[in-house]
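Line by line, the protein sequences give chains E, H, F and U.
For the record, in the first sequence the residue sitting at position 78 is 78 according to the numbering used here, with numbers rising by one throughout.
For the record, in the second sequence the residue sitting at position 34 is 34 according to the numbering used here, with numbers rising by one throughout.
For the record, in the third sequence the residue sitting at position 170 is 170 according to the numbering used here, with numbers rising by one throughout.
For the record, in the fourth sequence the residue sitting at position 86 is 86 according to the numbering used here, with numbers rising by one throughout.
Take a look at the structure set out below.
Number of protein chains: 4
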Amino acid sequence: MIRKGDFVLLLSEEGKSFLVKVEETQFSTHEGVIDLGSLIGRDYGSKIESQKGVPFYVVRPTIYDFLKKVKRKTQIMYPKDIGYTLLKLGITSGCKVIECGTGSGALTMALAFAVRPFGTVYSYDRSQEFSEVANENLSKVGLDEYVLFKVRDAEVEGFDEVEVDAIFIDIREPVRIVWAVERSLRNGGSVGFLLPTTNQVSELIRVLEKSNFIIDEIIEILLRKYKINPDRFRPEDIMNAHTGFLVFARKVTR
Amino acid sequence: MIRKGDFVLLLSEEGKSFLVKVEETQFSTHEGVIDLGSLIGRDYGSKIESQKGVPFYVVRPTIYDFLKKVKRKTQIMYPKDIGYTLLKLGITSGCKVIECGTGSGALTMALAFAVRPFGTVYSYDRSQEFSEVANENLSKVGLDEYVLFKVRDAEVEGFDEVEVDAIFIDIREPVRIVWAVERSLRNGGSVGFLLPTTNQVSELIRVLEKSNFIIDEIIEILLRKYKINPDRFRPEDIMNAHTGFLVFARKVTR
Amino acid sequence: MIRKGDFVLLLSEEGKSFLVKVEETQFSTHEGVIDLGSLIGRDYGSKIESQKGVPFYVVRPTIYDFLKKVKRKTQIMYPKDIGYTLLKLGITSGCKVIECGTGSGALTMALAFAVRPFGTVYSYDRSQEFSEVANENLSKVGLDEYVLFKVRDAEVEGFDEVEVDAIFIDIREPVRIVWAVERSLRNGGSVGFLLPTTNQVSELIRVLEKSNFIIDEIIEILLRKYKINPDRFRPEDIMNAHTGFLVFARKVTR
Amino acid sequence: MIRKGDFVLLLSEEGKSFLVKVEETQFSTHEGVIDLGSLIGRDYGSKIESQKGVPFYVVRPTIYDFLKKVKRKTQIMYPKDIGYTLLKLGITSGCKVIECGTGSGALTMALAFAVRPFGTVYSYDRSQEFSEVANENLSKVGLDEYVLFKVRDAEVEGFDEVEVDAIFIDIREPVRIVWAVERSLRNGGSVGFLLPTTNQVSELIRVLEKSNFIIDEIIEILLRKYKINPDRFRPEDIMNAHTGFLVFARKVTR
Numbered sequence: 001m002i003r004k005g006d007f008v009l010l011l012s013e014e015g016k017s018f019l020v021k022v023e024e025t026q027f028s029t030h031e032g033v034i035d036l037g038s039l040i041g042r043d044y045g046s047k048i049e050s051q052k053g054v055p056f057y058v059v060r061p062t063i064y065d066f067l068k069k070v071k072r073k074t075q076i077m078y079p080k081d082i083g084y085t086l087l088k089l090g091i092t093s094g095c096k097v098i099e100c101g102t103g104s105g106a107l108t109m110a111l112a113f114a115v116r117p118f119g120t121v122y123s124y125d126r127s128q129e130f131s132e133v134a135n136e137n138l139s140k141v142g143l144d145e146y147v148l149f150k151v152r153d154a155e156v157e158g159f160d161e162v163e164v165d166a167i168f169i170d171i172r173e174p175v176r177i178v179w180a181v182e183r184s185l186r187n188g189g190s191v192g193f194l195l196p197t198t199n200q201v202s203e204l205i206r207v208l209e210k211s212n213f214i215i216d217e218i219i220e221i222l223l224r225k226y227k228i229n230p231d232r233f234r235p236e237d238i239m240n241a242h243t244g245f246l247v248f249a250r251k252v253t254r
Numbered sequence: 001m002i003r004k005g006d007f008v009l010l011l012s013e014e015g016k017s018f019l020v021k022v023e024e025t026q027f028s029t030h031e032g033v034i035d036l037g038s039l040i041g042r043d044y045g046s047k048i049e050s051q052k053g054v055p056f057y058v059v060r061p062t063i064y065d066f067l068k069k070v071k072r073k074t075q076i077m078y079p080k081d082i083g084y085t086l087l088k089l090g091i092t093s094g095c096k097v098i099e100c101g102t103g104s105g106a107l108t109m110a111l112a113f114a115v116r117p118f119g120t121v122y123s124y125d126r127s128q129e130f131s132e133v134a135n136e137n138l139s140k141v142g143l144d145e146y147v148l149f150k151v152r153d154a155e156v157e158g159f160d161e162v163e164v165d166a167i168f169i170d171i172r173e174p175v176r177i178v179w180a181v182e183r184s185l186r187n188g189g190s191v192g193f194l195l196p197t198t199n200q201v202s203e204l205i206r207v208l209e210k211s212n213f214i215i216d217e218i219i220e221i222l223l224r225k226y227k228i229n230p231d232r233f234r235p236e237d238i239m240n241a242h243t244g245f246l247v248f249a250r251k252v253t254r
Numbered sequence: 001m002i003r004k005g006d007f008v009l010l011l012s013e014e015g016k017s018f019l020v021k022v023e024e025t026q027f028s029t030h031e032g033v034i035d036l037g038s039l040i041g042r043d044y045g046s047k048i049e050s051q052k053g054v055p056f057y058v059v060r061p062t063i064y065d066f067l068k069k070v071k072r073k074t075q076i077m078y079p080k081d082i083g084y085t086l087l088k089l090g091i092t093s094g095c096k097v098i099e100c101g102t103g104s105g106a107l108t109m110a111l112a113f114a115v116r117p118f119g120t121v122y123s124y125d126r127s128q129e130f131s132e133v134a135n136e137n138l139s140k141v142g143l144d145e146y147v148l149f150k151v152r153d154a155e156v157e158g159f160d161e162v163e164v165d166a167i168f169i170d171i172r173e174p175v176r177i178v179w180a181v182e183r184s185l186r187n188g189g190s191v192g193f194l195l196p197t198t199n200q201v202s203e204l205i206r207v208l209e210k211s212n213f214i215i216d217e218i219i220e221i222l223l224r225k226y227k228i229n230p231d232r233f234r235p236e237d238i239m240n241a242h243t244g245f246l247v248f249a250r251k252v253t254r
Numbered sequence: 001m002i003r004k005g006d007f008v009l010l011l012s013e014e015g016k017s018f019l020v021k022v023e024e025t026q027f028s029t030h031e032g033v034i035d036l037g038s039l040i041g042r043d044y045g046s047k048i049e050s051q052k053g054v055p056f057y058v059v060r061p062t063i064y065d066f067l068k069k070v071k072r073k074t075q076i077m078y079p080k081d082i083g084y085t086l087l088k089l090g091i092t093s094g095c096k097v098i099e100c101g102t103g104s105g106a107l108t109m110a111l112a113f114a115v116r117p118f119g120t121v122y123s124y125d126r127s128q129e130f131s132e133v134a135n136e137n138l139s140k141v142g143l144d145e146y147v148l149f150k151v152r153d154a155e156v157e158g159f160d161e162v163e164v165d166a167i168f169i170d171i172r173e174p175v176r177i178v179w180a181v182e183r184s185l186r187n188g189g190s191v192g193f194l195l196p197t198t199n200q201v202s203e204l205i206r207v208l209e210k211s212n213f214i215i216d217e218i219i220e221i222l223l224r225k226y227k228i229n230p231d232r233f234r235p236e237d238i239m240n241a242h243t244g245f246l247v248f249a250r251k252v253t254r
């Protein structure tokens with residue numbers, strides 16, 4: 001049953017989706033105004049209509065929906081890259097994980113979701129503003145309690161934690177933080193990096209190979225959407241062609 | 001510190017990797033025999049040498065490594081598809097999830113890893129043999145306690161559970177099980193399907209659109225590996241071109 | 001030396017390009033007006049400036065540029081698909097080729113370019129309007145003399161020619177024209193089809209396998225552009241995800 | 001009618017293909033011996049059987065088939081890249097084109113095929129051996145008369161021709177030959193480069209931007225094959241993930 005304060009996802013037959021918090025308010029869309037208060041007490045999965053008569057289904061948002069709808073101050077990491085990274089780094093309930101930088105908090109949210117209820121995410125960013133937006137994004141969905149946000153130039157100062165299970169780096173000059181990763185990651189543990197350009201990857205390989213790391217894998221992930229039409233099944237016309245290269249490495253003793 | 005009974009990953013500089021259990025035994029590779037007993041008491045991240053003098057690093061395996069090395073009786077689901085699916089279905093600690101079919105248990109393992117320590121995976125397969133192999137694969141890594149394996153023709157008999165948080169289907173004729181998904185999934189909840197062929201996707205769209213589901217997304221995910229060479233950075237020559245189409249839908253009341 | 005009446009391509013440093021005919025006229029762009037008359041008598045490769053002071057280079061257009069800039073009444077075939085098709089069908093100077101349908105004439109132009117100066121393209125379309133637009137597109141660049149445009153419902157009436165070297169089909173219901181291809185293509189010759197949907201491909205396979213054809217290959221071609229930045233080399237953010245599936249077959253006697 | 005001396009393509013129902021010259025000889029395959037002499041006088045498209053009873057269709061090879069079957073001393077350029085390049089550079093009957101290096105002659109063959117009967121290809125390689133193999137590959141199919149093969153270190157000595165219509169470069173250190181391209185290409189004309197690594201692309205961009213060139217486009221082309229099965233239509237499992245990056249530029253006066 002839908003309760004006041006729940007986040008729900010409104011889905012139209014045409015594939016439009018809205019993530020909203022159920023309150024005694026009106027929600028305006030191009031398809032007409034939706035009376036959110038009228039949802040209270042109804043079953044999930046129900047069909048409702050906007051004042052223009054456009055039907056919407058009220059479904060349960062998953063972490064994917066929250067990730068796609070975070071308030072953005074920066075480019076965010078995509079679910080295709082996040083999902084793979086969580087498996088590759090072995091993030092699970094109870095893990096202690098460092099992330100740098102926080103950005104808008106999309107990966108932070110996914111990490112918190114994965115380490116709960118017993119783990120902790122230490123999320124560093126040099127921007128007070130980004131850190132606050134990310135905190136806000138996680139508070140909304142109750143995941144902020146699993147995260148310590150820290151505003152700091154970690155490339156210079158490093159991280160406070162040691163012996164963490166895994167680390168993920170998404171900053172402009174990743175080569176400058178390798179020393180800090182080496183200090184804070186437990187022996188034999190895994191680190192991941194997201195890098196937009198090939199030049200950054202080449203540079204990072206050189207620095208990792210001179211440090212106490214062995215590189216495991218360098219990949220990119222492409223996601224292609226298809227049109228939902230059983231009689232004319234085909235890919236969509238346009239796709240994202242690039243988000244970044246993912247580099248994964250292990251901390252070793254050379 | 002590495003203890004007897006630990007699973008460790010042995011990584012060579014050339015990218016070879018072996019997932020082994022540390023015992024007082026010898027492990028044979030093309031690069032020479034490795035004395036596993038000698039690892040006991042050493043630090044993770046250590047470098048050891050095979051009897052041929054080839055160096056290996058001993059690192060901590062993550063769930064990704066266990067997934068890649070499951071004993072296979074069937075085609076397994078790939079991390080690129082699994083990672084995205086876990087986010088899309090919102091699998092987290094405490095979830096109750098149905099999976100059909102079990103196959104060799106790769107997805108089962110990832111689901112168990114994600115729902116632990118408080119959730120349960122109900123994994124159905126009509127093959128006793130597959131179910132046993134999957135159980136064995138999960139036992140090895142201590143994840144079997146989060147899974148109930150059930151051998152059954154679920155297309156005919158359906159699932160025992162109701163009101164589950166999410167369902168994933170990877171069987172030959174997915175259209176035959178839509179009725180059972182509808183019965184066991186909670187309202188507004190998410191279901192995913194993995195389908196190798198376009199014909200299956202067209203058929204499934206038709207059945208879902210006539211049932212109490214709204215289709216959310218149909219995608220495929222491609223992973224491209226790059227060579228780890230900073231001065232000649234380029235993609236690898238060969239890649240997997242297809243594992244399957246992923247269809248995601250929500251249970252609604254039409 | 002640039003002469004009056006020449007087609008030239010104007011390229012900006014930022015990658016903008018305009019295909020224009022050199023006359024005593026002004027050409028307006030967002031980057032300012034360009035005095036085309038001033039180009040007459042200058043060398044190819046020259047730098048000129050718009051009245052806003054934006055520099056442009058005057059280069060020689062190739063068939064690729066003409067293809068990209070055809071006046072469009074329909075979706076056109078892309079160079080990535082055209083180039084492969086010309087090789088696959090073996091189109092060269094002197095060939096007799098049938099094309100159906102003409103559309104806006106992009107493929108027609110490439111076929112004419114490839115068969116000149118001794119071959120002929122027979123281009124069928126049921127739309128008088130499309131045929132005229134295509135004719136106009138080819139006249140502009142002097143390639144119309146290698147093409148016979150025919151307005152006809154070829155699915156019903158077939159083609160006039162027999163023993164042609166190759167045939168290419170790009171119509172809505174390609175299965176309806178297989179009989180006509182079989183009648184007009186020489187024995188052992190090659191035919192290509194462009195099909196947007198997977199359902200059409202499945203249908204076409206069935207019809208070809210029951211007719212006097214052996215299918216050679218079914219493919220799709222993806223083109224990914226990169227940003228022209230030596231220090232931050234990376235793919236562009238967005239790409240075309242789908243133009244169509246290409247099916248190639250040989251006429252045989254079963 | 002098939003004549004002695006013709007090249008024919010033998011296609012099996014399972015997709016095997018053999019390119020052979022029809023002589024009074026036997027041709028051995030895993031599917032059994034085929035009596036090539038028996039083909040003389042038969043129609044193209046005919047079905048024949050090997051001595052094991054496996055059926056083959058005798059079809060007309062196209063330039064694509066000759067490209068795929070060249071005798072290889074080096075990595076060859078692929079039809080997906082060649083087809084696009086011919087359009088991009090505007091290669092047509094009558095063109096004068098320089099190519100460096102020759103390699104095994106796959107691109108040389110396609111260039112000769114495109115410029116015939118009135119154009120010329122000037123094909124440079126520093127290896128006598130490669131040049132001879134390429135010459136042999138083209139002689140077999142009667143295209144050698146359109147090519148002048150030259151054995152030379154063109155990076156040092158440059159090309160003999162000037163004012164050529166187009167140039168294509170596929171050598172190990174393309175930056176070393178930019179000066180020679182600039183000298184031999186006509187003003188406003190097009191040059192293409194094939195480069196395996198991202199580092200080479202970055203370097204080449206830097207050199208072209210300092211020389212009299214404007215870069216037009218940097219791309220890669222991916223080709224995905226599908227299984228020929230109407231009821232289980234899906235991509236093949238494996239694909240080529242990388243052949244090279246294509247860089248196209250125009251010669252201008254800065």
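Note that CB positions come from ideal geometry on N, CA and C, so glycine has one too.
Sub-9 Å separation of residue i and residue j beta-carbons
| i | j | result |
| --- | --- | --- |
| residue 217 of chain H | residue 247 of chain H | yes |
| residue 63 of chain H | residue 90 of chain E | yes |
| residue 87 of chain E | residue 67 of chain H | yes |
| residue 109 of chain H | residue 59 of chain H | no |
| residue 186 of chain F | residue 44 of chain U | yes |
| residue 9 of chain H | residue 221 of chain E | no |
| residue 70 of chain U | residue 137 of chain U | yes |
| residue 83 of chain H | residue 119 of chain H | no |
Beta-carbon contacts of residue i that lie in its chain and below 7 Å, excluding the five residues immediately before and after
| i | result |
| --- | --- |
| residue 194 of chain U | 77, 81, 170, 244 and 246 |
| residue 11 of chain U | 17, 56, 57 and 59 |
Same chain only: Cβ atoms within 8 Å of residue i, ignoring 5 sequence neighbours per side
| i | result |
| --- | --- |
| residue 188 of chain F | 250, 251 and 252 |
| residue 225 of chain E | 235, 236 and 239 |
Unbroken beta strand (DSSP E) run spanning residue i, endpoints
| i | result |
| --- | --- |
| residue 166 of chain E | 164-169 |
| residue 59 of chain U | 55-59 |
| residue 249 of chain U | 245-251 |
| residue 136 of chain E | No beta strand (DSSP E) contains residue 136 of chain E, which is instead part of the alpha helix (DSSP H) from 128-140. |
| residue 263 of chain F | Lying before the first or after the last residue shown, residue 263 of chain F is absent from chain F, which here runs from 1 to 254. |
Cut-off 6 Å between Cβ atoms - residues of its own chain near residue i, not counting five sequence neighbours on either side
| i | result |
| --- | --- |
| residue 27 of chain U | 20, 34 and 36 |
| residue 173 of chain F | none |
Near the ligand ZN: residue i beta-carbon under 8 Å from a heavy atom
| i | result |
| --- | --- |
| residue 209 of chain H | Only the bare structure without any ligand can be found here, which leaves the ligand ZN out of the picture. |
Unbroken alpha helix (DSSP H) run spanning residue i, endpoints
| i | result |
| --- | --- |
| residue 190 of chain H | Here residue 190 of chain H belongs to no alpha helix (DSSP H); instead the beta strand (DSSP E) covers 185-195. |
(request) Compile a chain-ordered list of the residues in the region 235-247 of chain E whose CB is closer than 8 Å to at least one CB of chain F. (result) 235, 236, 237, 238, 239, 240, 241 and 242
(request) May I ask you to list, following chain order, the residues of the region 117-149 of chain H that have a beta carbon less than 7 Å from some beta carbon of chain E? (result) 117
(request) Could you please tell me which residues of the region 28-55 of chain E, in chain order, have their CB closer than 7 Å to any CB of chain H? (result) 43, 44, 45, 46 and 47
(message) Against chain E, which members of the region 188-204 of chain H pass a CB distance test of less than 7 Å?
(response) 188, 189, 190, 198, 201 and 202
(message) Please give the ranges of any alpha helix (DSSP H) in the region 25-98 of chain U, keeping only runs that are unbroken, at least 4 residues long and fully inside the region.
(response) 63-68 and 79-89
(request) Can you give me, in chain order, the residues of the region 203-235 of chain F that have a beta carbon less than 7 Å from any beta carbon in chain E? (result) 224, 231, 232, 233, 234 and 235
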